[in-house]
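Numbering (our numbering), first residue to last: 3 to 475.
Just so you know, even glycine gets a beta-carbon here, dropped at the ideal spot from N, CA and C.
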Amino acid sequence: MTSSSALGIQPLSPLDGRYRAAVADLGDYLSEAGLNRARVEVEVEWLIALTDRSLFGTRPLGEVEKDRLRVLYLDFGPDEIAWLAEREAVTRHDVKAVEYLVRDRLAQLGLDGIAELTHFACTSEDINSTAYALTVKRAIEEVWLPKLHAVVKALSALAVEHRDAAMLSRTHGQPATPTTMGKELAVFAWRLERVAAQVAASDFLAKFSGATGTWSAHLAAEPDAAWPTIAREFIESLELGFNPLTTQIESHDWQVELYDRVRHAGGILHNLAVDIWTYISLGYFAQIPVAGATGSSTMPHKINPIRFENAEANLEISGGLLATLSQTLVTSRLQRDLTDSTTQRNIGVALGHSLLALDNLLRGLGEISLAEDVLLADLDGNWEILGEAIQTVVRAEIVEGRSQITDPYALLKELTRGRRVGAEELAEFVRGLDIGDAAKDRLLALTPSTYAGLASELVDLLSAEREADEPRV
Numbered sequence: 003m004t005s006s007s008a009l010g011i012q013p014l015s016p017l018d019g020r021y022r023a024a025v026a027d028l029g030d031y032l033s034e035a036g037l038n039r040a041r042v043e044v045e046v047e048w049l050i051a052l053t054d055r056s057l058f059g060t061r062p063l064g065e066v067e068k069d070r071l072r073v074l075y076l077d078f079g080p081d082e083i084a085w086l087a088e089r090e091a092v093t094r095h096d097v098k099a100v101e102y103l104v105r106d107r108l109a110q111l112g113l114d115g116i117a118e119l120t121h122f123a124c125t126s127e128d129i130n131s132t133a134y135a136l137t138v139k140r141a142i143e144e145v146w147l148p149k150l151h152a153v154v155k156a157l158s159a160l161a162v163e164h165r166d167a168a169m170l171s172r173t174h175g176q177p178a179t180p181t182t183m184g185k186e187l188a189v190f191a192w193r194l195e196r197v198a199a200q201v202a203a204s205d206f207l208a209k210f211s212g213a214t215g216t217w218s219a220h221l222a223a224e225p226d227a228a229w230p231t232i233a234r235e236f237i238e239s240l241e242l243g244f245n246p247l248t249t250q251i252e253s254h255d256w257q258v259e260l261y262d263r264v265r266h267a268g269g270i271l272h273n274l275a276v277d278i279w280t281y282i283s284l285g286y287f288a289q290i291p292v293a294g295a296t297g298s299s300t301m302p303h304k305i306n307p308i309r310f311e312n313a314e315a316n317l318e319i320s321g322g323l324l325a326t327l328s329q330t331l332v333t334s335r336l337q338r339d340l341t342d343s344t345t346q347r348n349i350g351v352a353l354g355h356s357l358l359a360l361d362n363l364l365r366g367l368g369e370i371s372l373a374e375d376v377l378l379a380d381l382d383g384n385w386e387i388l389g390e391a392i393q394t395v396v397r398a399e400i401v402e403g404r405s406q407i408t409d410p411y412a413l414l415k416e417l418t419r420g421r422r423v424g425a426e427e428l429a430e431f432v433r434g435l436d437i438g439d440a441a442k443d444r445l446l447a448l449t450p451s452t453y454a455g456l457a458s459e460l461v462d463l464l465s466a467e468r469e470a471d472e473p474r475v
């Protein structure tokens, strides 16, 4: 057996190994380094906010001084990461190490005169809640949502392309009233657009009110300052929402809301992955061969729907982690406990598996082609589905006084339930019905492939491809 030391230090998570290329952009925000960069940003901007108000006899920093100070987080990189790791090994406190880093750089910049305003009146959670709000907001808005929108765009394009491609529906897995492939894909795009809008409208809240949310230390240092207003203005200057009423921590309710929405989107995407997999299994979609790829180590003919299977599994992992985040973050014992510390460090893992699923779905949607001949053959083998149309037309004829048939549903049930009915048998049945000639002609003109109602027109409801505000009726 090979010892683990022979392998060197290897990534434990597949997100940091096998799948890193697909999720690397999240690491800019939701890694430990990304969190520390945001913490430095908060510390620096708080120091600038205090001096801008000339508190405690300070003067506002000049623009050149501010720019030089902001370089600390704008150019945050390997040197700072190493510095923090070395210092945290001594402090055993991650936020305190960040404070020391800022103090060290102030001395290098000749600004050690304001060093004591670093982390002024802050508890760690003032810095952390703001840093997490910044990193999660940026990860969602700059990485996760764009990938979701790309999937919706791909779905919408396929919906438009296949809007007229009639296919057999399968309610409860059984042949049912036809639809079109385009309309069914449009349903998923429509659902995802709605949840994406909810995610985009999410709150990202931070607190900045001291050790137990009371501004006690602030008032002790400067009783005449309007600290709640100063804190609100500071947090809002970072384009975040301000939570004025908290314990030591920001209550995380905005995170619970966000992760539940992301998990909701994941549920819809999981539904999509399963449905596309099933359509492939039915032969409705053919998979486009990728040069050099192998589907099976022993069966050369196979092209496996791995993109959709991979997406399905990663959405399940993501959904489980997001549910745990929501369940855990909503509670904090009394004024503070540390359960949220470890939990929040897994935000990137939860979103990473979701992003990986989105990447697989986007690739998978680009590697399938519709087998319209299979769709048409399936329709042609199930003429009994027109039983719905026939019994509905007969009902209308009875109401209008053109038929004496009683219980048309039972009549069609006897003809079609549990058995296949061919085109000629159905036509013969229609010709023998006691209904008006116009109704009879309409029914005789119907085929399974033309009995799709407004399916094609409903695709127009997609916002990305809308040609009219309402479907044509």
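*What's the C-alpha gap between Ile251 and Ala133?*
Distance between the alpha carbons of Ile251 and Ala133: 13 angstroms.
_Selected residue, minimal CA-CA separation from Pro148, among Phe122, Gln289 and Leu357_ = For Pro148, the nearest C-alpha among the options comes from Leu357.
*In terms of residues, what are the limits of the beta strand (DSSP E) holding Thr181?*
Its beta strand (DSSP E) spans residues Gln176 to Thr182.
*Grab me the residues of Asp30's own chain with a C-beta within less than 6 angstroms of its C-beta, minus the 5 sequence neighbours each way, in chain order.*
For Asp30, where only same-chain residues beyond five positions count, the Cβ hits under 6 angstroms are Gly36.
*Check the C-beta distance from Asp361 over to Ala24 and give it rounded, since I have them as a contact under 8 angstroms.*
With 8 angstroms as the limit, Asp361 and Ala24 qualify as a contact, their Cβ atoms being about 4 angstroms apart.
_Arg39 (DSSP reduced to helix, strand or coil)_ = Assigned with DSSP and collapsed to three states, Arg39 falls in helix.
*Could you check what DSSP says for Thr173 in three-state terms: helix, strand or coil?*
Collapsing the DSSP output to three states places Thr173 in a strand.
_Inter-residue Cα distance where the pair is Gly184 and Leu417_ = Straight across, the Cα-Cα distance linking Gly184 with Leu417 is about 31 angstroms.
*Would you kindly work out how many angstroms separate the C-alpha atoms of Ile11 and Tyr21, rounded to a whole number?*
Whole-angstrom Cα-Cα distance: 17 angstroms.
*Tell me whether the beta-carbon of Val46 lies closer than 8 angstroms to the beta-carbon of Val100.*
Against a cut-off of 8 angstroms, the Cβ pair of Val100 and Val46 comes out as no contact.
*With a threshold of 16 other CB atoms inside 10 Å of the CB of Gly350, please say whether the residue is buried or exposed.*
So Gly350 ends up on the buried side.
*Taking only runs that begin and end inside the segment 107-186, name each unbroken alpha helix (DSSP H) of 4 or more residues, in chain order.*
If we require 4 residues or more, the alpha helix (DSSP H) runs fully inside the segment 107-186 come out as 126-141 and 147-163.
*Helix, strand or coil for Phe431 per DSSP?*
The DSSP-derived three-state label of Phe431 is helix.
*asked:* So the candidates are Ile142, Ser328, Arg196 and Ala233; which of them puts its Cα closest to the Cα of Phe206?
replied: Ranked by Cα distance from Phe206, the first of Ile142, Ser328, Arg196 and Ala233 is Ile142.
*asked:* Short of 8 angstroms in beta carbon distance, which residues of its chain neighbour Val258, apart from the five on each side in sequence? Order them along the chain.
replied: Answer for Val258: Leu327, Ser328, Leu331 and Val332, listed in chain order.
*Determine contact between the segment 228-244 and the segment 104-120, defined as no fewer than three beta-carbon pairs at a distance below 8 angstroms.*
Taking a cut-off of 8 angstroms on C-beta distances, the segment 228-244 does not touch the segment 104-120, as fewer than three cross pairs fall below it.
*Could you spell out where the alpha helix (DSSP H) holding Ile305 opens and where it closes?*
Neither: Ile305 is in no alpha helix (DSSP H) and is coded neither H nor E.
_Among Leu324, Pro177 and Leu353, whose alpha-carbon lies nearest the alpha-carbon of Asp27?_
Closest by alpha carbon: Leu353.
*asked:* Please identify the residue among Ala87, Pro16 and Thr120 whose C-alpha is closest to the C-alpha of Leu52.
replied: It is Thr120 whose Cα lies nearest to the Cα of Leu52.
*Beta carbon of Ser371 nearer than 8 angstroms to that of Ile290*: Taking the C-beta atoms as reference points, Ile290 is found nearer than 8 angstroms to Ser371.
*Confirm, please, whether the CB-CB distance from Leu388 to Ala359 is below 8 angstroms.*
Annotated as distal: Ala359 and Leu388, with beta-carbon spacing of 8 angstroms or more.
*Do you know how far the Cα of Leu364 is from the Cα of Arg55?*
Whole-angstrom Cα-Cα distance: 49 angstroms.
*asked:* Does the segment 271-283 come into contact with the segment 207-225, if we say contact requires no fewer than three beta-carbon pairs (one atom in each stretch) closer than 8 angstroms?
replied: Output reads no: the segment 207-225 does not touch the segment 271-283.
*Note down the Cα distance separating Ala288 from Gln200, rounded to an integer number of angstroms.*
Distance from the CA of Ala288 to the CA of Gln200, rounded to the nearest whole angstrom, comes to 34 angstroms.
*asked:* For Arg419 and Ala391, what's the separation of their Cα atoms in angstroms?
replied: Per the coordinates, the alpha-carbon of Arg419 lies some 14 angstroms from the alpha-carbon of Ala391.
*Quick one: is the Cβ of Ser451 within less than 7 angstroms of any heavy atom of the ligand HEM?*
For the ligand HEM, the structure offers nothing, since it holds no ligand at all.
_Residues near Asp18 in its chain [Cβ-Cβ closer than 7 angstroms; skip 5 each side]_ = So no residue of the chain qualifies.
*Should Arg165 and Thr182 be called a contact, given that it needs their Cβ atoms to be closer than 8 angstroms?*
With respect to the 8 angstroms criterion, Arg165 and Thr182 are classified as neighbours on the basis of their beta carbons.
*Can you give the beta carbon distance from Leu448 to Val396, rounded, assuming they're within the 8 angstroms contact cut?*
Between Val396 and Leu448 the Cβ distance is about 13 angstroms, and since that is not below 8 angstroms, they are no contact.
*Taking buried to mean at least 16 other C-beta atoms within 10 Å of its own C-beta, is Ala379 buried or exposed?*
Its Cβ having fewer than 16 others within 10 Å, Ala379 is exposed.
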